[in-house]
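These notes concern the structure reproduced below.
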Amino acid sequence: MNAVPLKVFITGASSGIGLALAEEYVKRGAGLVARRAESLAAFAARFPHASISIYPVDVRDHDALADAARRFIAEQGATDIVIANAGISRGALTGHGDLDAFRAVMDTNYLAMAATFEPFVASMTAARRGTLVGISSVAGVRGLPGSGAYSASKSAATKYLESLRVEMRPRGVAVVTIAPGYVRSEMTAHNPYPIPFLMNADRFASKAADAIARRVRYATFPWQMRIAGMLLHVLPRWLYDALFEKAPRKPRAGE
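With UniProt numbering as the guide, the letters of the sequence shown map in order to residues 1 to 255.
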């Protein structure tokens with residue numbers, strides 16, 4: 001007898017890590033939600049027997065996001081897993097007129113995460129079941145030069161998820177933080193510098209889905225970046241400054 005398909009809501013599922021996660025959960029028999037309807041039409045056609053709901057929503061539009069969540073629950077039923085994956089990365093420097101970039105990155109990578117979870121918490125806590133998953137990044141461990149917006153947003157996401165995990169624990173809802181290293185995607189394709197321990201998106205998605213199924217609190221893939229993140233975390237500030245002062249940086253918009 002086949003298991004009941006998981007009901008999974010994923011933001012940013014039209015490309016990169018989100019698309020790989022969508023494919024992984026379809027293979028595991030899940031229903032999905034994704035944002036760019038045009039990009040995902042072909043994806044949905046590849047899985048005609050899966051229950052896939054597609055909602056074209058900009059995650060920075062919190063009202064539209066909440067409406068998509070309500071429609072998903074109405075169409076698919078009780079949600080098992082919510083994955084706040086939508087994210088952007090932009091080079092940004094203070095003093096160079098990049099405030100719009102700072103705002104866009106923070107709104108997408110951090111505030112939209114809370115907005116993604118918001119519509120699902122009441123039903124999950126009432127049922128005392130479900131898993132909220134946030135995609136953070138090893139880049140949030142320290143402030144990377146040239147990536148102040150991205151590092152700050154991912155650090156904020158990690159701390160928010162930790163707070164949420166403790167809040168949800170007595171209410172029966174699990175919170176999982178996934179902090180990827182470098183994963184092969186559109187986001188990493190344009191980095192003009194060597195990328196260490198680059199992981200294929202499909203392999204990342206498989207490992208992430210396994211970690212989510214186990215309801216781990218925090219996971220980093222690939223494993224080499226978990227070690228790198230631990231070392232960066234304890235590196236003295238004077239040594240970190242000296243080592244990273246001349247580190248390669250992500251280009252700003254237009255560069």
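We treat Cβ as the ideally placed atom computed from N, Cα and C, and that holds for glycine.
- In the structure shown, T158 falls within a helical segment according to DSSP collapsed to helix, strand and coil.
- Of the other Cβ atoms in all chains shown, fewer than 16 fall within 10 Å of the Cβ of E38; this residue is therefore exposed.
- As summarised for the region 51–80, the continuous beta strand (DSSP E) elements at least 3 residues long and confined to that stretch are 52–54, given in chain order.
- The criterion of a C-beta distance shorter than 8 Å is satisfied by I83 and I10.
- Judged by beta-carbon spacing, N109 lies beyond the 8 Å limit of S151, meaning their Cβ atoms are not closer than that value.
- Under the three-state reduction of DSSP, R103 is assigned to helix.
- Between the beta-carbon of V133 and that of V176 there is about 5 Å, and that keeps the pair under the 8 Å contact cut.
- In the DSSP annotation of this structure, the continuous segment of the beta strand (DSSP E) that includes T131 starts and ends at T131 to I135.
- Note on geometry: alpha-carbon atoms of A104 and A253 lie some 12 Å from one another.
- DSSP places V173 in no beta strand (DSSP E); its state is neither H nor E.
- Taking a contact to require three or more Cβ pairs closer than 8 Å, the region 241–253 and the region 137–146 qualify as touching.
- Across the set P119, G97 and A92, the C-alpha of A92 shows the shortest separation from the C-alpha of M106.
- Across the structure, V59 and M225 are spaced so that their CA atoms are roughly 28 Å apart.
- Between A179 and S137, the C-beta spacing is below 8 Å.
- Taking V57 as the centre and dropping the five residues before and after it, the same chain places the C-beta of R35, A64, L65 and A68 closer than 7 Å to its C-beta, in chain order.
- For W223, the closest alpha carbon among the candidates G148, L161, Y182 and R90 is that of Y182.
- In this structure M113 touches Y160 by the C-beta definition: roughly 7 Å separates them, less than 8 Å.
- Contact between K7 and G77 holds, with the beta-carbon distance rounding to 6 Å and staying under 8 Å.
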